[in-house]
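Visitor: Chains A and B, in that order, are what the protein sequence lines are. According to full-length UniProt numbering, the first sequence is numbered sequentially starting from 1. According to full-length UniProt numbering, the second sequence is numbered sequentially starting from 1.
Number of protein chains: 2
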Amino acid sequence: MERSVYHVMMDTPSNPALMDQTKPPARERILRTAHTLFYREGIRSTGVDRIIAEAGVTKVTFYRHFPSKNDLILAFLDYRHRIWISWFQDALQRYGNNLLAIEPVLQEWFFNPVFRGCAFINALGEMGTMPEIVHRVNQHKTEMRKVIEGLLPDNCDREDLAGAVAMAIDGAVVRAEWGEPIEAIHGFNLLIEGMRCLTP
Amino acid sequence: MERSVYHVMMDTPSNPALMDQTKPPARERILRTAHTLFYREGIRSTGVDRIIAEAGVTKVTFYRHFPSKNDLILAFLDYRHRIWISWFQDALQRYGNNLLAIEPVLQEWFFNPVFRGCAFINALGEMGTMPEIVHRVNQHKTEMRKVIEGLLPDNCDREDLAGAVAMAIDGAVVRAEWGEPIEAIHGFNLLIEGMRCLTP
DNA sequence: TCCGAAGTAGACAGATCGGTCTACCTTAAA
DNA sequence: TTTAAGGTAGACCGATCTGTCTACTTCGGA
Chain A
1 MERSVYHVMM DTPSNPALMD QTKPPARERI LRTAHTLFYR EGIRSTGVDR
51 IIAEAGVTKV TFYRHFPSKN DLILAFLDYR HRIWISWFQD ALQRYGNNLL
101 AIEPVLQEWF FNPVFRGCAF INALGEMGTM PEIVHRVNQH KTEMRKVIEG
151 LLPDNCDRED LAGAVAMAID GAVVRAEWGE PIEAIHGFNL LIEGMRCLTP
Chain B
1 MERSVYHVMM DTPSNPALMD QTKPPARERI LRTAHTLFYR EGIRSTGVDR
51 IIAEAGVTKV TFYRHFPSKN DLILAFLDYR HRIWISWFQD ALQRYGNNLL
101 AIEPVLQEWF FNPVFRGCAF INALGEMGTM PEIVHRVNQH KTEMRKVIEG
151 LLPDNCDRED LAGAVAMAID GAVVRAEWGE PIEAIHGFNL LIEGMRCLTP
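(1) In whole angstroms, what is the alpha-carbon distance linking valine 137/A and glycine 163/A?
(2) Just to confirm the assignment, what range does the alpha helix (DSSP H) spanning asparagine 122/A have?
(3) Using beta carbons (cut-off 8 Å, strictly below), is valine 48/B in contact with chain A?
(4) At a cut of 8 Å, does the segment 164–181 of chain A reach the segment 114–122 of chain A through at least three beta carbon pairs?
(5) Is the Cβ-Cβ distance between glutamine 89/A and valine 147/A less than 8 Å?
(6) Between which residues of its own chain and glutamine 139/A is the CB-CB distance below 8 Å, once the five residues before and five after are set aside?
(7) What's the gap between the Cα of asparagine 112/A and the Cα of valine 105/A?
(8) So, are the CB atoms of threonine 54/A and isoleucine 185/A less than 8 Å apart?
(9) Please compile the residues from chain A whose C-beta is within a distance smaller than 8 Å of the C-beta of aspartate 160/B.
(10) Hey, which unbroken runs of the alpha helix (DSSP H) at 4 residues or more fall wholly within the UniProt domain "HTH tetR-type" (24–84) of chain B?
(11) With a CB to CB cut of under 7 Å and the five nearest residues on each side skipped, what residues in its chain are close to tyrosine 79/B?
(12) Tell me, please, whether the CB atom of methionine 144/A is closer than 8 Å to any CB atom in chain B?
(13) Please list, in chain order, the residues of the segment 130–144 of chain A that have any C-beta partner in chain B closer than 8 Å.
(14) Please list, in chain order, all residues of the same chain as phenylalanine 66/A whose beta carbon is under 6 Å from its beta carbon, the five residues on each side excluded.
(15) Between the Cα of residue 221/B and the Cα atoms of Ser86/B, Val60/B, Thr129/B, Arg196/B, which residue gives the shortest distance?
(16) Please state whether DSSP places proline 113/B in a helix, a strand or coil.
(17) If we cut at 8 Å on Cβ distances, does aspartate 20/A have a partner in chain B?
(18) If I follow the unbroken alpha helix (DSSP H) through glycine 163/A, where does it start and stop?
(19) Can you tell me where the alpha helix (DSSP H) holding asparagine 138/B begins and where it ends?
(20) If you draw a straight line from the alpha carbon of asparagine 97/A to that of leucine 151/A, how long is it in whole angstroms?
(21) Along chain B, in chain order, which residues have C-beta atoms closer than 7 Å to that of glycine 171/A?
(22) Per DSSP, what kind of secondary structure is glutamate 180/A in: helix, strand or coil?
(23) With a threshold of 8 Å between beta-carbons, can arginine 82/B be considered close to chain A, or not?
(24) Does any CB atom of chain B fall closer than 8 Å to the CB of glutamate 103/A?
(25) Just the chain B side, please: which residues come within less than 9 Å of glycine 42/A by C-beta, in chain order?
(26) Nearest-angstrom Cα distance between isoleucine 192/B and leucine 77/A?
(27) Answer with buried or exposed for isoleucine 52/A, where buried requires no fewer than 16 other C-beta atoms within 10 angstroms of its C-beta.
(28) Might you give, ordered along the chain, the residues of its own chain that have their beta carbon closer than 7 Å to the beta carbon of arginine 145/B, omitting 5 neighbours on each side?
(29) I need the DSSP call for asparagine 189/A, collapsed to helix, strand or coil.
(30) Report all residues from its chain with a CB closer than 7 Å to the CB of proline 181/A; omit the five preceding and five following residues, and keep chain order.
(31) Closer than 8 Å by beta-carbon distance: list the chain B residues that pair up with isoleucine 121/A, in chain order.
(32) In this structure, how does DSSP classify aspartate 90/A when only helix, strand and coil are distinguished?
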């Protein structure tokens, strides 16, 4: 996984003085800024003016890349999907790439200072009436389940079990989001323990 | 549970011609309208003007009861909490008041035409930076867990298990919200099955 | 009988929203 | 050398946002 993606996903804001002097192209800056603000403060409560100001571009440049805020929202979800899945797969690898790896991965996520839950679940709550949004959530969760399938032994119904495990993760994520990350991980372990006693 | 609460929680819109002629007081009308719109379309995307118009009150009346939109949002969450918990307890009773009752209760919820996920999880995604909101979510989920505790046998760690079951419910709720209610219930059953094999 | 609470109708204000527009500059490839 | 893509700065638009205001009405209880 390239450094930039890992940075966006997990790092705390770095010292500007130490930052790479060559700033990325406008589109990338807009997307990164939108990602930070949309994820942290919500989509509807973040105006395009603020993104434009913080990305250091002009309105013309912004609207050249994203004809409407709606386009930016969808691009943000696609961007988030890419960096989250990359991070998730990498983190699972680092912890052994099996069912038991999920716990430390969640730990790493929940206790990251920028954690604010699952961007897709949040977007669903905020604009769950927009079909393009719902579709993106579906895609994201489908791919997440596929990654989880890869952690399961092949002598069981992996698709079913992966779906259940993914639901346990989502339950844990929202619980961590309202301020109970420890309890969330504990509850997740209980649910997984149950899963494991169903797995032959 | 009084009829009005059950109506708000579960019924499809009734025929206006058959409705009770004596309309409820202004505050109640505002609260019901806000509940419908906030839940269905999101909090930030619903302007007070629309609530005022659909509740059939004037701005003065509105702002006399709720000095700011923020006050209305918090009142909405308290209102939602009351009607949801009432419905949840009642529904569990109707299906036997044990762990196995949760499945048909979720079924009833997910397939209701007005279902749009958990209002608290949605609010958290939308305005999870506001401490009063986070606090309400915490309160709501704590009470939900307490109700679930009542379904568990007393020869186990009910608090822990109830927390895990509640997380499985939340995972199922968000999955149902993005359009997979059947898979959500199936996954929930798998998770609960695991729980039950941990329960002595 | 008087008074205050709760209601009506609707104009208005200031801020912010998403989005458009003109005018000019830089750079790299055809 | 020309040209097109991508960039800058900032004025401007109409719509919508939350919230305030004046002026009048209705009604139940002290």
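All residues carry an ideal CB built from backbone N, CA and C; glycine is no exception.
Guide: With the structure as the only source:
(1) Counted from its first residue, the first sequence places residue 137/A at position 137. Counted from its first residue, the first sequence places residue 163/A at position 163. For valine 137/A and glycine 163/A, the distance between alpha carbons rounds to 14 Å.
(2) Residue numbering aside, residue 122/A sits at position 122 when the first sequence is read from its first letter. DSSP places asparagine 122/A inside the alpha helix (DSSP H), whose first and last residues are 119–127.
(3) By 1-based counting over the second sequence, the position of residue 48/B is 48. Answer no: the Cβ-Cβ gap between valine 48/B and chain A never drops below 8 Å.
(4) yes
(5) Counting from one through the first sequence, the residue named residue 89/A turns up at place 89. Counting from one through the first sequence, the residue named residue 147/A turns up at place 147. Taking 8 Å as the Cβ cut-off, glutamine 89/A and valine 147/A qualify as a contacting pair.
(6) Residue numbering aside, residue 139/A sits at position 139 when the first sequence is read from its first letter. Same-chain partners within the cutoff: His81.
(7) What you label residue 112/A is simply residue 112 of the first sequence in a count that begins at 1. What you label residue 105/A is simply residue 105 of the first sequence in a count that begins at 1. Linking asparagine 112/A to valine 105/A through their CA atoms gives a straight-line distance of about 11 Å.
(8) As a first step, residue 54/A is located in the first sequence; it is residue number 54 there, counting from the start. As a first step, residue 185/A is located in the first sequence; it is residue number 185 there, counting from the start. In the sequence as displayed, the identity of residue 54/A is glutamate instead of threonine. Not a contact, by the Cβ cut-off of 8 Å.
(9) The count along the second sequence starts at 1 and reaches residue 160/B at position 160. Chain A residues near aspartate 160/B: His186, Gly187, Leu190.
(10) Counting only runs of 4 or more, we get 26–41, 48–55, 59–65.
(11) Along the second sequence, read from residue 1 onward, the residue named residue 79/B stands at position 79. Short of 7 Å from the beta carbon of tyrosine 79/B, and not among the five residues preceding or following it, lie these beta carbons of its own chain, in chain order: Leu31, His35.
(12) By one-based count along the first sequence, residue 144/A stands at place 144. No, methionine 144/A does not count as interfacial toward chain B.
(13) Within the segment 130–144 of chain A, the qualifying residues are Val134, Val137, Asn138, Lys141.
(14) As a first step, residue 66/A must be located in the first sequence, where it is residue number 66. Within the same chain, phenylalanine 66/A has close Cβ partners Leu72.
(15) Chain B is shown from 1 up to 200; residue 221/B falls before or after that span and cannot be answered.
(16) In the second sequence, counting from the first residue as 1, residue 113/B sits at position 113. In this structure, proline 113/B counts as coil in the three-state DSSP scheme.
(17) Within the first sequence, the letter at position 20 stands for residue 20/A. Because aspartate 20/A carries a pLDDT of 42, less than 50, the predicted location of this residue cannot be relied on, and the following value inherits that uncertainty. No, because no Cβ of chain B sits closer than 8 Å to the Cβ of aspartate 20/A.
(18) Walking along the first sequence from the start, residue 163/A turns up at place 163. Note, glycine 163/A: alpha helix (DSSP H), 158–177.
(19) For this step, residue 138/B is matched to residue 138 along the second sequence. Taken as a continuous stretch (DSSP letters only), the alpha helix (DSSP H) holding asparagine 138/B covers 131–149.
(20) Counting from 1 along the first sequence, the entry for residue 97/A is found at position 97. Counting from 1 along the first sequence, the entry for residue 151/A is found at position 151. So the two alpha carbons sit approximately 6 Å from each other.
(21) Walking along the first sequence from the start, residue 171/A turns up at place 171. Within 7 Å Cβ-Cβ: Met167, Ala168, Asp170, Gly171.
(22) Counting from one through the first sequence, the residue named residue 180/A turns up at place 180. If DSSP states are grouped into helix, strand and coil, glutamate 180/A belongs with coil.
(23) Reading the second sequence from its first residue, position 82 is the one you call residue 82/B. It does not; no Cβ of chain A falls within 8 Å.
(24) As a working mapping, residue 103/A is identified with position 103 in the first sequence. Taking Cβ atoms only, chain B never reaches closer than 8 Å to glutamate 103/A, which makes this a no.
(25) Your numbering for residue 42/A matches position 42 in the first sequence. Those are Arg44, Gly125, Glu126, Met127, Gly128, Thr129, listed as they occur along chain B.
(26) Within the second sequence, the letter at position 192 stands for residue 192/B. Within the first sequence, the letter at position 77 stands for residue 77/A. About 32 Å.
(27) For this step, residue 52/A is matched to residue 52 along the first sequence. Isoleucine 52/A is buried by the Cβ-count criterion.
(28) Within the second sequence, numbered from 1, the residue matching residue 145/B stands at position 145. Cβ neighbours of arginine 145/B beyond the five flanking positions: Ala162, Gly163, Ala166.
(29) Along the first sequence, one-based indexing puts residue 189/A at 189. Asparagine 189/A: helix per DSSP, three-state reduction.
(30) Here the question's residue 181/A lines up with position 181 in the first sequence. Phe110, Phe111, listed in sequence order.
(31) The count along the first sequence starts at 1 and reaches residue 121/A at position 121. The answer, in chain order, is Ile121, Gly125, Val174.
(32) For this step, residue 90/A is matched to residue 90 along the first sequence. Correct three-state label for aspartate 90/A: helix.
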